[in-house]
Amino acid sequence: MSSLLSTIESPADVRKLTMPQLLQLAEEIRERLIRSVAKTGGHIGPNLGVVELTIAMHYVFETPTDSFVFDVSHQAYVHKLLTGREKRFDTIRQPGGLNGFMLRTESEHDSFGAGHAGTALSAALGMAVARDRSGGSEHVVALAGDAAFTCGISYEALNNIASQTKRLIIVLNDNAWSIDKNVGAIASYFHKIVTHPSFRYLHDRATGLIERFGGKAVSHVARKAEESVKGLLGPSMLFEEFGLDYYGPIDGHDLPLLIDTFQFLKTQNRPVILHAITQKGKGFQPALDKQKKFHGLGPYDPDTGETTAAGQKTYSEVFAETLVKLADADDKVVAITAAMPNGTALDLFRPHHPARFFDVGIAEEHAVIFAAGMATKGYRPFVAIYSTFLQRAFDPIVHDVALQNLPVVFCMDRGSLSGDDGPTHHGLFDISYLRCVPNLIHMVPKDEDELADMMQTALAHPGPSAIRYPRGTGPGTPLKARPQALEIGRAEILQDGTDVTVFGLGALLPLAWELAHRLEQQGLSVAVINPRFVKPIDRETVEHYGRGCGLVVTFEDHVLAGGFGSAVLETLSVAEILTPVVRVGWPDEFVDHGKVDALREKYGVTVERAMELAQPYLQALEQRRLVTQ
23 MSSLLSTIES PADVRKLTMP QLLQLAEEIR ERLIRSVAKT GGHIGPNLGV VELTIAMHYV
83 FETPTDSFVF DVSHQAYVHK LLTGREKRFD TIRQPGGLNG FMLRTESEHD SFGAGHAGTA
143 LSAALGMAVA RDRSGGSEHV VALAGDAAFT CGISYEALNN IASQTKRLII VLNDNAWSID
203 KNVGAIASYF HKIVTHPSFR YLHDRATGLI ERFGGKAVSH VARKAEESVK GLLGPSMLFE
263 EFGLDYYGPI DGHDLPLLID TFQFLKTQNR PVILHAITQK GKGFQPALDK QKKFHGLGPY
323 DPDTGETTAA GQKTYSEVFA ETLVKLADAD DKVVAITAAM PNGTALDLFR PHHPARFFDV
383 GIAEEHAVIF AAGMATKGYR PFVAIYSTFL QRAFDPIVHD VALQNLPVVF CMDRGSLSGD
443 DGPTHHGLFD ISYLRCVPNL IHMVPKDEDE LADMMQTALA HPGPSAIRYP RGTGPGTPLK
503 ARPQALEIGR AEILQDGTDV TVFGLGALLP LAWELAHRLE QQGLSVAVIN PRFVKPIDRE
563 TVEHYGRGCG LVVTFEDHVL AGGFGSAVLE TLSVAEILTP VVRVGWPDEF VDHGKVDALR
623 EKYGVTVERA MELAQPYLQA LEQRRLVTQ
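Have a look at this one:
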């Protein structure tokens, strides 16, 4: 059988296909996804679940004139395959290759970039209102998973849609999962819609609408579909209360039904929502058996789904296991996450203390304020959220936690690069956005054992604290039997020196050691410092070495703007110490996706870059040493 997928250069080619060819195309796309993502890693489960939905959307609508907005957009691989990127698809998430999410600079068909949940409805409404004001007639379609409806931003958008536009199509892609199983009342509500016997027939009002559009034949087809259009389920339905006409639930893998339904919906002059039931991982048994694992993962065997075991424990796993120990000893310790028990490894905590584990869904703002509420009653919440996602909760951190000086602990996983996921997921800003907040202490461990010590430190601290740690494994440092609380604001002096002082923050401490060795080969005396605390910074140590040495160098896995190096500069400036400071970190730009080592090389987060920046000052040090001799 000849390949249809290889002939698709644009969505216009999709619209030329017959129904049997469209069904063949769906199977070819699934096979391509399974084989390609097995090599690159990526979000395989979500994309296998939207194959028919995406084909139907491109068959009925015409991008880039019409706009598709994907919530999170990790499920946009099929869209990329159908919009001229099939020949480059094997480069996805690879250096210089396709991004794993929607990216406006990558294609004219990517109308809105995304990587965080809950943005699609607001962005799509903005596009629809702009179209209305400009007198356009194009369509705007937002595809959002059911997990996005646990996000408050989605409801802020829903509150405004009916009053601001008359034409907007929302597709609710309901697969009952985000990364983990969806939680809360909304998930339960969707489940009731899908399973309730009264929704097993086509509502008369919806029948009439479809008959007026396509005649009784369309209505007959819909009635006979196992999961047919059941729309407009009554004024008490949630979405109708927001002013949207609701259709569904329908089978999100029934391609003929999806096409008929989209053709009907594009004629409507009211905002509409189509509830489509899909199966995450459809067509790949390993992804169906282990939906959490196959949401997003590294390379795997395309036949068996097997992956290579990591072996060494990750920082996330060390965090979770340490939290279990802390909770064993203190019944006030609780764990909170925002739809990420697997990503933060709190699924390892949950079996030990199920009553003290809380997954609030994709609702970071709520997670922080919920933790603040528990803290007022004497509990010690550990809030585990990726650094990039905690950005969404900045105001609650300031207003609800720090202002009241509540002992909430923010454990920021992925506090550095998130590698192949790219700029939407890199955690490079948390030092900057937290260092300015009063009352809050901020810690960065050099290894796994120090992470455990910092968790103990946070538990003993009466106010708010934050700990950032990177993705993946650390140096493999064994943990003490019991973690020890650290002296707050005290750096660790690893090596004394009199010519140059090098601060290596967290995971970049090895670069500090490497630089020290190179400078020592030039005959220089080099101090090496593990800062531990970004806030409060160890002023005594910074000032001591700032006065005693001729050059200070800082390494940090964070943007330079407002980061740890900035804190060192500020400290020296206040003390009126004029010693030059060379800062090595990430530049004032959004960092591409790619392998961590390659990105460090590309952006100059290297010892070589430190040597280059330090060279003028090293020459001055050499001259000073010659004079003193």
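Residue numbers for the sequence shown, in our numbering: 23 to 651.
Where is the CB? At the ideal position from N, CA and C, for every residue including glycine.
All figures in this text were calculated on a predicted structure; none of them were measured in a lab.
With 16 or more other Cβ atoms from the protein chains shown falling within 10 Å of its own Cβ, residue 141 counts as buried. Restricted to the segment 319–359, the alpha helix (DSSP H) segments that are unbroken, complete and at least 4 residues in length are 337–351, listed in chain order.
Annotation for residue 126: 132, 133, 134 and 135 place their beta carbon closer than 8 Å to its own, counting only its chain and skipping 5 residues before and after.
Under the 8 Å Cβ criterion, the segment 263–282 counts as touching the segment 38–50, having at least three qualifying pairs. With a contact defined as Cβ atoms closer than 8 Å, residue 513 and residue 479 miss out at about 14 Å. Residue 37 counts as exposed, since fewer than 16 other C-beta atoms from the protein chains shown sit within 10 angstroms of its C-beta. Per the Cβ contact rule, the segment 426–434 is not in contact with the segment 369–383 (fewer than 3 Cβ pairs under 8 Å).
According to the DSSP secondary-structure assignment, residue 405 is paired through a beta bridge with 358 and 432. The three-state reading of DSSP puts residue 552 in strand, counting E and B together. Residue range 586–596 is occupied by the alpha helix (DSSP H) that includes residue 587. Non-local C-beta neighbours of residue 69 in its own chain, meaning closer than 7 Å and more than five positions away in sequence, comprise 55, 97, 99 and 100, ordered along the chain. Residue 504: not part of any alpha helix (DSSP H); DSSP gives it neither H nor E. For residue 561, same chain residues with a beta-carbon under 7 Å away, outside a window of 5 residues either side, are 593 in chain order.
Residue 477 and residue 343 have their C-alpha atoms spaced approximately 11 Å apart. Note that the C-beta distance between residue 169 and residue 145 is not below 8 Å.
Annotated three-state conformation of residue 536 is helix, per DSSP. When rounded, the separation of the alpha-carbon atoms in residue 356 and residue 346 is 10 Å. Distance from the CA atom of residue 130 to the CA atom of residue 59, rounded to whole angstroms, is 24 Å. With at least 16 other beta carbons inside 10 angstroms of its own, residue 78 counts as buried. Bridge pairing for residue 514: 552 [DSSP]. Taking C-beta atoms as the reference points, residue 166 and residue 93 count as a pair closer than 8 Å. With respect to residue 161, residue 191 sits close: the two C-beta atoms are nearer than 8 Å.
Taken through DSSP and simplified to helix, strand or coil, residue 526 comes out as strand. Going by beta carbons, residue 610 and residue 445 fall outside the 8 Å limit. Less than 8 Å separates the beta-carbon of residue 297 from that of residue 196. One thing to note: residue 643 has its Cβ within 8 Å of the Cβ of residue 572. Assignment of residue 41 by DSSP, reduced to helix, strand and coil, places it in the helix class. Relative to the Cα of residue 630, the nearest Cα in the group 552, 57 and 534 belongs to 534. A residue is called buried when at least 16 other Cβ atoms come within 10 angstroms of its Cβ; residue 399 does not meet this threshold and is exposed. Counting C-beta pairs closer than 8 Å gives fewer than three between the segment 409–418 and the segment 465–475, which falls short of the contact rule. Residue 269 sits in a strand when the DSSP states are folded into three classes. Assignment of residue 495 by DSSP, reduced to helix, strand and coil, places it in the strand class.
Of all C-beta pairs linking the segment 365–377 to the segment 151–159, fewer than three are shorter than 8 Å, placing the two stretches out of contact.
Under the three-state reduction of DSSP, residue 59 is assigned to helix. As computed with DSSP, residue 490 is found in a beta bridge with 434.
The beta carbon of residue 372 lies closer than 6 Å to those of 379 in the same chain, with the five residues before and after it left out.
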